[in-house]
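Everything on this sheet refers to the single structure shown next.
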Amino acid sequence: MFTGTNLAILGAVLATVLPGIGSARGVNLVARATAGLISEEPNKYGKSMLLQALPMTQGIYGMVTSFMILVQSGIMGNKTIELTVGRGAYFLVAALPIAFGGLYSAIRQGEVAASGISVLAKKPDAVGKAVISASFVELYAILALLISLLMIL
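Counting from 878, one number per residue, gives the positions in the sequence shown under the numbering used here.
Given below as structure tokens:
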């Protein structure tokens, strides 16, 4: 049934689930690359943790967006807002930038970070450059988050 509340909830679900899938996939890519490295050189595990953690942020951005949708729509909290179909659809559309931007950027960031593990294996002092390269992909997740939040607020 297409009610405003259902559409807003669908937006919140998409904002959480899609970046979460991307983050899980991105972290998986880096973790698999790290497993090969630490089997040979366990002392490099600490430096690899930062590269493994980078793709997780998109999942966090999705959760923040979902929370804001639920609060602003009145679904969560003490607000009593009448949620029309149009207003619910607005929240659904507001979730789309972080939903798809988070999904795609987390996977791509995982690929870049996994490549950074090979840098760590060969030149441990250059791991900062690998982190910076992976952080460039993060910019697009941040932009998607900002657009979603600006639409919600």
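Cβ atoms here follow ideal geometry from the backbone N, Cα and C, with glycine treated the same way.
Quick caveat, the model's predicted, so the values are computed rather than measured.
Scanning Leu969, Glu917, Val962, Pro932 for the CA closest to the CA of Leu1026 turns up Leu969.
A check of alpha carbon separations from Gly979 across Ala990, Leu1023, Leu927, Val948 identifies Leu1023 as the nearest. Annotation: the continuous alpha helix (DSSP H) that includes Phe1013 extends over 1004-1029. Pairing Ala889 with Leu947 gives a Cβ-Cβ distance under 8 Å. Taking C-beta atoms as the reference points, Val962 and Thr880 count as a pair closer than 8 Å. Between Ala910 and Ile984, the CB-CB gap reaches or exceeds 8 Å.
In the DSSP assignment, Gly954 falls outside any alpha helix (DSSP H) and carries neither an H nor an E.
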